[in-house]
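See below for the structure under consideration.
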Amino acid sequence: MSLLSVVVPVYNREDCIAACIESVIPQLSEKYELIIVDDGSGDGTREIVNRYRDTPRLRIVSYPHNKGVNYARNRGVETASGEFILFLDSDDTLEPSALRTITSVIEKNSGYKHYLFLVDDFAGVRSREEKIVTYLDWLSESVSGDFAHVVSRETLLAYPFDESFRLYELLVWLKIFKTNERMLYVPSIVMYRDRSRPDSLSLEHLLQSKRSMQQDYNFTLKFTEYYTEDMLANGLDSLLGRYLQKAILLGVALNRIQDNKTLLQLFRKINPGRARALRVLNCSLFSLLLYLSIKYFSKLKRINA
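Right, here's the structure in full:
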């Protein structure tokens, strides 16, 4: 059994997957393994990945159809044998001593199921000292942003990523943070990220307006189902209200009147005055007009692009 499995989901990354893999291979040893999950690539990615098939401590899992990064991550976790999992995006690379750094931290600070390391472009406030991060820190957004997460495989098997979404990992990460409760933050950069790609998932999400609106709305429905009780118990009413107000307005645009009624009932407890205004907006006529307007301007944007 390995101490650490590096899981790389990949889809149509023929221009960068080799660099990703080659940043990991020199670091492999009996303590580590590399799992490549090809999520139905249709370009030359699969051929490039297969060049490394005979590399010791490297395993390749391929699927014929693209089902999204959450699907690929779950399959990678199931395939891995490591006690801990590190996810690495296919357009990112590991720092040359990353696995040794991570191993040293785990061995010196045993007992945690979750460790947080830095990525090179982390935009938040960096602490120069190791510290404990809690579930409440994440829920209240006092800690946010991208980290390199090293998580026990046992936890990830218990809380698989939601495969009905192509993004929105936060839905499951918060469950993971809650069950692990105390995470050790270590101010060491272990990963280099590429944010400039025109085909990144985050940019794809922003550009596909109608689809992203639907996903955003469905995310908030589940978020409030899972985390409302904890947010209210910890005095995070205003933060919850911002989530709800955004979702209700999206629901108006998408004509999700019935679903919005559930959100409005919850929002009324937090902000009764604002809830009354949103309830008026949620009527069928307003919803239909706004939905048709957004649909028209989205079509016009595509024509002019």
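Okay, so the sequence shown: first residue is -19 according to the working numbering, each after it adds one.
Cβ atoms here follow ideal geometry from the backbone N, Cα and C, with glycine treated the same way.
Note that the structure is a prediction, hence the values are computed from the model and not measured.
Verify whether the separation of the beta carbon atoms of L38 and L14 is less than 8 angstroms. yes
Determine which residues share a DSSP beta bridge with M211 and list them. None; M211 has no bridge partner.
Excluding the 5 residues preceding and the 5 following M163 in the sequence, name in chain order all residues of the same chain whose CB lies nearer than 6 angstroms to its CB. H94, L96, V113
Best match in L116, S77, F127, N54 for proximity to V99 [C-alpha to C-alpha]: F127
If you measure between the beta carbons of L74 and S3, is that distance less than 8 angstroms? yes
Here's the rule: buried if 16 or more other CB atoms are within 10 angstroms of the residue's CB, otherwise exposed. What is P252? exposed
Among N89, K202, S132, whose alpha-carbon lies nearest the alpha-carbon of L150? K202
Over what stretch of residues does the beta strand (DSSP E) that includes R162 continue unbroken? 162 to 172
For V41, which residues from the same chain have a beta carbon less than 8 angstroms from its beta carbon, with the 5 sequence-adjacent residues on both sides left out? Result list for V41: I15, I16, V17, D18, R55, G56, T59, in chain order.
Inter-residue Cα distance where the pair is D217 and Y197: 19 angstroms
Output needed for L187: all residues of its chain with C-beta closer than 8 angstroms, excluding positions within five of it in sequence on either side, in chain order. Note that L187 scores 39 on pLDDT, short of 50, meaning its location in the model is unreliable; the coordinates nonetheless yield the value given after this. Within the same chain, L187 has no close Cβ partners at all.
Could you compute how far the alpha carbon of G299 sits from the alpha carbon of V131? Residue coverage of the chain in this structure runs from -19 to 285, which leaves residue 299 outside it and unanswerable.
Endpoints, the alpha helix (DSSP H) within which T35 is located: Careful: T35 lies outside any alpha helix (DSSP H) and carries neither H nor E.
Outcome for R108 when other beta-carbon atoms lying within 10 angstroms are tallied against a minimum of 16: R108 should be labelled exposed.
Which of the three DSSP states, helix, strand or coil, is assigned to L346? Past the boundaries of the shown model lies residue 346; the chain is included only from -19 to 285, so the question cannot be answered.
For S70, which of helix, strand or coil comes out of DSSP? coil
If we count the other Cβ atoms within 10 Å of its Cβ and call it buried at 16 or more, is C0 buried or exposed? buried
Within 10 angstroms of its Cβ, does G22 collect 16 or more other Cβ (buried), or is it exposed? exposed
Any idea if S90 is buried or exposed, counting beta-carbon neighbours within 10 angstroms, 16 or more meaning buried? exposed
Could you pull the DSSP bridge partners for H129 from this structure? L96
Beta carbon of L68 nearer than 8 angstroms to that of V152: no
Could you please give the first and the last residue of the uninterrupted alpha helix (DSSP H) stretch that includes Y115? 115 to 119
Quick one: Cα of E10 to Cα of P36, how far? 9 angstroms
Collapsed DSSP secondary structure at I(-3) in the structure displayed: helix
Does DSSP put D18 in a helix, in a strand, or in coil? strand
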